[in-house]
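Please read the structure below before turning to the comments.
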Amino acid sequence: DSSTSRGLGDVYKRQNVTITGANRSLPQNALFHKWCECAAQFFVSMGKTTFATGAPMNMENMKRNLKLTFLGEEVIRDINLKTGEVTERYELKHTSDLDKGAMHSFMTCIDAWAAEHGIYLPHPEDSEYMKMRCNMGEAA
């Protein structure tokens, strides 16, 4: 709900696709990680070796920034067991919490962002991503 999460990627239309009872798959996650590596390598090849924050341009930092941009954050509430003090902090949403449809929507946002920036991302024909795109009429 909007009171406990925030997303910064609202420029890109989010699609709500629900495939109940099916968590995001390991092949989906592996392709996402490949895309993170490709995007980071693209910027490094263009001479951009760090993000504006100073963090190195690498797969892990690209992954964090893509998750921030297109998944957003959620409020995490912690309690100090000695004092009882409750604190709140924001944490990136985890792809492992997504179902296959939400993961597909997340990857579709990344795909569109990459295309806008001229970043080549591999789209293996036999990948779950491409199969879902075809099944949803998104790809020819």
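Be aware that the sequence shown starts at 28, since it is given in my numbering, and climbs by one per residue. Every residue gets a Cβ at the ideal spot worked out from N, C-alpha and C, and that includes glycine.
### Task
May I have a chain-ordered list of the beta strand (DSSP E) segments no shorter than 3 residues that lie completely inside the segment 67 to 133?
100 to 106, 113 to 119
### Task
Tell whether a beta-carbon distance below 8 Å holds between Lys-175 and Glu-143.
With the chain running from 28 to 167 in the structure shown, residue 175 is simply not present.
### Cutoff 6 Å; reference Thr-76; Cβ partners in own chain excluding five residues on either side
Met-84
### Query
Met-134 to Phe-59, Cα distance in whole Å?
7 Å
### Query
Mind checking whether Lys-94 and Pro-149 have CB atoms under 8 Å apart?
no
### Nearest residue (CA-CA) to Lys-127, options Cys-63, Gln-68, Phe-70, Ser-154
Ser-154
### Residue environment, Met-163, which counts as buried when at least 16 other CB atoms sit within 10 Å
exposed
### Query
By the 10 Å Cβ neighbour count, where 16 or more other Cβ atoms means buried, how is Ser-123 classified, buried or exposed?
exposed
### Query
For Asn-56, which residues does DSSP report across the bridge?
The partner list for Asn-56 (beta bridge, DSSP) is empty, contrary to what the question assumes.
### Message
Here's the rule: buried if 16 or more other CB atoms are within 10 angstroms of the residue's CB, otherwise exposed. What is Met-73?
### Response
exposed
### Query
Relative to the C-alpha of Tyr-147, which residue among Thr-110, Cys-63, Lys-158 is closest?
Cys-63
### Query
When the Cα atoms are used, what is the spatial distance from Asp-105 to Val-113?
6 Å
### Query
What's the C-alpha gap between Ala-79 and Ser-132?
27 Å
### Task
Keeping to the same chain, check which residues put their C-beta closer than 7 Å to that of Ala-49; ignore five residues upstream and five downstream.
Asp-126, Lys-127
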